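Here's the structure we're looking at; comments come further down.
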Amino acid sequence: MTSTPDINTHTPESSEAQPQGPLKGFKVLDVSIMAAGPWTGALLGMLGAEVIKVEPPDGDGTRWVEPTQNGMGTNFLCMNVNKKGITLDFKSPEGIEHAKALVAQSDIFIQNFRVGVIERLGLDYESVKKINPAIIYCAISGFGEVGPLSKAGCADYIMQAYSGFARTNGPPGETLEAFRFTGFLDLTTASVATEAVLAAVLEREITGEGQKVEVSMLEAAYEIQATRMAEILGAQECPSPLGSQSRGIVPDRAYPSLDKEIFVTAHNDEEWQRFCLALEVSHLSADPRFQTNALRVQHRQELDELLLPIFAKRPALWWLRTFERHRVPAGLAHQFETFRYHQQVTANEMIGQVHTKDWGTVSVGGLPWHFSHTPCQITPAPQPGEHTQTVLGSLKP
Amino acid sequence: MSAMKSIRIVELGQGVAAPLATLRMHDLGAQVIKLEEATGDWLRHAEPQIAGLSMSAAFFELNRGKLSVKLSDKPETLKSQILHLLRDADVFVTDKNDAELKDMGLDEPEKTLLSLNPKLIFVQITPWGEHGPWKDKPGSELIAQAMAGYTRYLSREGSPACRLGADVAGAGSGIFAAQAILAALIARRRNHSQGQKISVSLLNSLLSMKSIHLAAQTNPDHYSGPRVGGANYPPEKGWMTKDEPIFFAFGGSVGAQGRPGWVKFIEEAGFHELLEDKRFDPIGRNSTGYGSRVQELKAEYERFFSRYSGEELVEMIRKYAGNAATYQSPAASIRHPQTTALEVVREVQSGDGQRHEVRAFPARFSKMKLQPTGVAPALGEHTQKVLVGFEESGSH
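So the sequence lines, in the order shown, correspond to chains A and B.
With my numbering, letter number 116 in the first sequence gets 116, and the count goes up by one each step, no holes.
Just add 1000 to the spot in the second sequence (first one is 1) and you have my numbering.
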């Protein structure tokens, strides 16, 4: 266990280290830019694939997205870990030829151009599969490849608005609040894309056949809202903002205490009974208004009127300890500067640290999975074009 | 999908994460056996419920097509039932931590299970990870969001906290767990049938998906933009128009110069004053979207936007290669013609002929044609069928 977040740490030299992980031996060609496509490549790289990121001569726009660290966009640094970097000009025949030569030796191809652009470049699936029929071709778009919005551009906040994501956040009675955490739906899309690519790779292991995988930000946004969408489809109930509360279970919210809010959840009747013991209100667990979750949801307001004055009498830390003793889920809100040094975060390497050659040390999201027999690692993003000569030099004439 | 046809997955999970992971494996063709204790998955009892069925709508969606086994309430039998089912399983997904598994008789679960079945892929999803002082501490969606700093990006300091309405910790972990299963199956095919243990956690998932913000806050050159200051911005509700709020953005994704559509949009909309205003940059990048001057200039745009409806502005902005959308409700979104064109919503049919709408696997494949199947099982509906031979074999 470490006492500082010096985890998943790699020196600049180790960016050249041999990939490790369950996808060791697979090759990925990533011509995507910004976030959703690049983080797909990064996840596959973390899983052990060798990933070549192709940038246009003008560079991936994330190099300029604020903020920068020592002059480089931090988005570029975190979305392109575990990759080699090369520059190709797709406006020149030579650049396209190089891309096609790389396609021929790749297992997976990732692109997130607007629908229509990739065909003009001659790197659409129909063209690519003629070069390499076994390739898994991952196309990431905003709204999908068919339908009235198939050619519309997209970004995180656009999809928060379009998919209904923002309409489920905010204080009770409000109609919407966007998540000011830019890029969350981009990374969700990358995560869904990685899942889909892996399904296609596994299928290829059996059949030997490649295929195209289409992933949209829209469908990914629904996937991360799986439970809320299910409530619309199954119970014809559209979710709305409820502050810190959930629609489904009670109690499950932040309660103001003497000093700050304590976040607490009772998923089922057993936890509810322990919750009552912790608050020294055992009579409430026998109260017919609160005996089942359905009744607690129905009498949510009455219950809170009883609980709020109790929470207000003691500080959050007291309640935290009390709930811990009674095995009731409870916690406090954190921020970067507190969770980055939290023993639980460091012990599980939930934040990675990468050391870049020119831009210093950068904290990035840690590996989301920890494999016992095929361990993964995080390596720094490349210098733009750092590997152009070596990668192109290795192509067969 | 031929690769998953012969795969048997045993799930001992509740709520969102483990059930979502195995739901997607079911969609890909695997058989999923869901193990439940006496009172069943807590999500069964959540609200809202499906009329006429004794289960929540969320439970139905996340557990369709699975076989439900109600485990014995006798500890020794329960342990034997689990081991009986895992002996030949390919994948075991659980959200029980090691202490809870020990209480079920599975001491040192990784060692025990991989000794029993060396090919087993054992995916453990916990709230706080497999190591550290909190490894056995209970958690929840809400607490994971708060702990990972997500609640800072809603509401504002000093006001009551807000959560994300979506269950992002559960669903995000479910997606990562699905990746882990698939990657481990690929590795198992290539590595002499070797199984392994994989750990996923709610907090880890949220922090992995926070990579952009972790990097931004490491050592930024300037205090600029939402990735540095966003937590302290006022609540974000888009730009108000004549009738409804929209979100919009100009600025490019390639190179530093971006797309020039902003000027044309401003001209067509008749907002010429903005072109003379030095606070607006020439491509609209800083004053729209996530730009660094959005907070300062939002009211200026809204003064002009009041002339148009949200839909009119969205159409005009898209015409000039900007990105825009109105803030739809989730119900309106999932019925929108774009969503319909993607065939996101499908139907499954129960034994009595009743039809239920569900969402399909969230991606399309050119060769694998995935169709959602099955309804969610009643608690223990398949206990006898799945455990046939258990008594006779003397496994307990």
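Note that CB positions come from ideal geometry on N, CA and C, so glycine has one too.
Treat the numbers as computed from the prediction; the structure is a model and nothing was measured.
The ligand FMN heavy atom lying under 6 Å from the CB of residue i
i: A:F275; result: In the structure shown, the ligand FMN is absent, as is every other ligand, since no ligand is present at all.
Euclidean distance between Cα positions of residue i and residue j
i: B:Y1327; j: B:G1052; result: 33 Å
i: A:T388; j: B:S1193; result: 37 Å
i: A:Q377; j: B:Q1217; result: 22 Å
i: B:F1305; j: B:D1221; result: 34 Å
i: B:Q1354; j: B:E1381; result: 18 Å
i: B:G1158; j: A:E261; result: 10 Å
i: A:T2; j: B:H1131; result: The predicted position of A:T2 is uncertain, since its pLDDT is 33 and thus under 50; no value can be drawn from it.
i: B:F1271; j: B:F1265; result: 9 Å
i: B:G1105; j: A:E66; result: 52 Å
i: B:A1363; j: A:D107; result: 19 Å
i: B:V1345; j: A:F90; result: 37 Å
i: B:R1285; j: B:M1316; result: 17 Å
i: A:H425; j: A:E302; result: With chain A covering only 1 through 397, there is no way to say anything about residue 425 of chain A.
i: A:R321; j: B:S1208; result: 28 Å
i: B:E1036; j: A:Q291; result: 22 Å
i: A:L149; j: A:F143; result: 6 Å
i: A:R204; j: B:V1228; result: 42 Å
i: A:L392; j: B:R1318; result: 38 Å
i: A:H373; j: A:A152; result: 43 Å
i: B:F1059; j: B:L1387; result: 23 Å
i: B:G1065; j: B:L1206; result: 28 Å
i: B:S1224; j: B:Y1233; result: 12 Å
Residue i at chain B interface by Cβ criterion, 7 Å
i: A:R296; result: no
i: A:Q69; result: yes
i: A:V281; result: no
i: A:A134; result: no
i: A:E94; result: no
i: A:Y255; result: no
i: A:H326; result: no
i: A:E223; result: yes
i: A:V351; result: According to the sequence displayed, residue 351 of chain A carries Ile and not Val. A:I351 counts as touching chain B.
i: A:I158; result: yes
Cβ-based neighbour list, residue i, same chain, cut-off 8 Å, excluding 5 preceding and 5 following
i: B:A1161; result: A1146, T1151, L1154, S1155
i: B:N1117; result: L1086, R1087, D1088, A1089, G1195
i: A:G183; result: A35, N75, D156
Residue-level contact to chain A via CB, residue i, 7 Å cutoff
i: B:S1002; result: yes
i: B:W1262; result: no
i: B:W1042; result: yes
i: B:A1351; result: Residue identity check: residue 1351 of chain B is Gly in the sequence provided, not Ala. Closer than 7 Å: no.
i: B:G1139; result: yes
i: B:S1306; result: no
i: B:L1313; result: no
i: B:K1005; result: no
i: B:K1028; result: A small correction: the amino acid at residue 1028 of chain B is Leu; Lys does not occupy that position in the sequence shown. Chain A, which has a Cβ nearer than 7 Å to the Cβ of B:L1028, makes this yes.
i: B:W1128; result: yes
i: B:S1366; result: yes
i: B:E1047; result: yes
i: B:W1134; result: yes
7 Å CB neighbourhood of residue i in its chain, flanking five on each side removed
i: A:H267; result: I249
i: B:N1204; result: G1129
i: A:G73; result: T62, R63, W64, V65
i: A:R228; result: T168, P239
i: A:M217; result: A36, G142, C154, M159, L185, T189
i: B:M1004; result: M1025, L1028, G1029, A1030
i: B:A1378; result: S1068
Cutoff 6 Å; reference residue i; Cβ partners in own chain excluding five residues on either side
i: A:E50; result: P19, K27
i: B:S1393; result: For B:S1393, the predicted structure reports a pLDDT of 45, less than 50, and the residue's modelled location is therefore unreliable. The matter cannot be settled from this model.
i: B:T1126; result: N1097, S1201
i: B:F974; result: Lying before the first or after the last residue shown, residue 974 of chain B is absent from chain B, which here runs from 1001 to 1396.
Inset, instruction - Taking only beta carbons into account, state which residues of the region 1205–1224 of chain B come closer than 7 Å to chain A, listed in chain order. - result: Correct list: S1205, L1207, S1208, M1209, K1210, S1211, I1212, H1213, L1214, A1215, A1216, Q1217, T1218, N1219, P1220, D1221, H1222, S1224.
Legend entry - Every unbroken alpha helix (DSSP H) inside the region 39–116 of chain A [4 residues or more]: 74–79, 93–104
Inset, instruction - Scan the region 199–287 of chain A and note each continuous alpha helix (DSSP H) run of 4 residues or more that stays entirely inside, going in chain order. - result: Entirely contained in the region 199–287 of chain A, the alpha helix (DSSP H) runs reaching 4 residues are, in chain order, 217–224, 226–235, 269–278, 282–286.
Inset, instruction - May I ask you to list, following chain order, the residues of the region 1151–1164 of chain B that have a beta carbon less than 8 Å from some beta carbon of chain A? - result: T1151, R1152, Y1153, L1154, S1155, S1159, P1160, A1161, C1162, R1163, L1164
Inset, instruction - Check each residue of the region 233–244 of chain A: if its Cβ is closer than 9 Å to any Cβ of chain B, include it; give the result in chain order. - result: L233, G234, A235, Q236, E237, C238, P239, S240, P241, L242, G243, S244
Inset, instruction - Could I get the ranges of all uninterrupted beta strand (DSSP E) runs contained in the region 1292–1332 of chain B, with 3 residues as the minimum, in chain order? - result: 1323–1326
Legend entry - Selection of the region 1176–1199 of chain B by Cβ proximity to chain A, strictly under 7 Å: F1176, A1178, Q1179, A1180, L1182, A1183, A1184, L1185, I1186, A1187, R1189, Q1194, Q1196, K1197, I1198, S1199
Inset, instruction - Would you list, in chain order, the members of the region 1012–1027 of chain B that have their beta-carbon closer than 8 Å to a beta-carbon of chain A? - result: Within the region 1012–1027 of chain B, those residues whose Cβ lies closer than 8 Å to any Cβ of chain A are, in chain order, Q1014, G1015, V1016, L1020, R1024.
Legend entry - Entirely enclosed alpha helix (DSSP H) segments - the region 1012–1080 of chain B, minimum 4 residues: 1017–1027, 1057–1063
Legend entry - Residues of the region 302–324 of chain A with Cβ closer than 8 Å to any Cβ of chain B, in chain order: E324
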